[in-house]
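Here is the structure we will look at, set down as structure tokens.
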Amino acid sequence: MQRDRQVRVRLLGEARLLLELLLDLLDLLERLLYSLRDLLRSLLTGLLDCLLNRLRDLLLAAHLLAELLLLQGLSTGHYGHESSAG
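Take the sequence shown: its letters are residues 3 to 88, numbered as in the numbering used here.
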């Protein structure tokens with residue numbers, strides 16, 4: 003009977019230790035997830051900034067091209083005139 007009690011006490015102690023280790027593991031996993039979240043946020047923000055900068059550059063280039071074509075059309079007299087041949 004005394005031996006059974008000692009075994010139960012030892013098992014309860016080991017179970018308690020195991021639960022403490024599992025709680026520590028969960029804490030570490032939570033910290034890892036928060037770190038990964040911050041890393042992903044940083045990477046996605048950087049990627050979005052890059053894409054927006056590229057889009058801005060493309061729109062600026064398209065705007066400049068449109069202005070150049072407009073000026074070219076005005077200088078040659080072809081802007082706003084339709085052919086009346088027919």
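We treat Cβ as the ideally placed atom computed from N, Cα and C, and that holds for glycine.
Start and end of the alpha helix (DSSP H) containing residue i?
i     : result
Gly15 : Gln4 to Thr78
Might you give, ordered along the chain, the residues of its own chain that have their beta carbon closer than 7 Å to the beta carbon of residue i, omitting 5 neighbours on each side?
i    : result
Val9 : none
Going along the chain, which residues of its own chain have a beta-carbon closer than 8 Å to the beta-carbon of residue i, five neighbours each way excluded?
i     : result
Leu66 : none
In chain order, what residues of the same chain have a beta carbon less than 6 Å from the beta carbon of residue i, not counting five sequence neighbours either side?
i     : result
Arg33 : none
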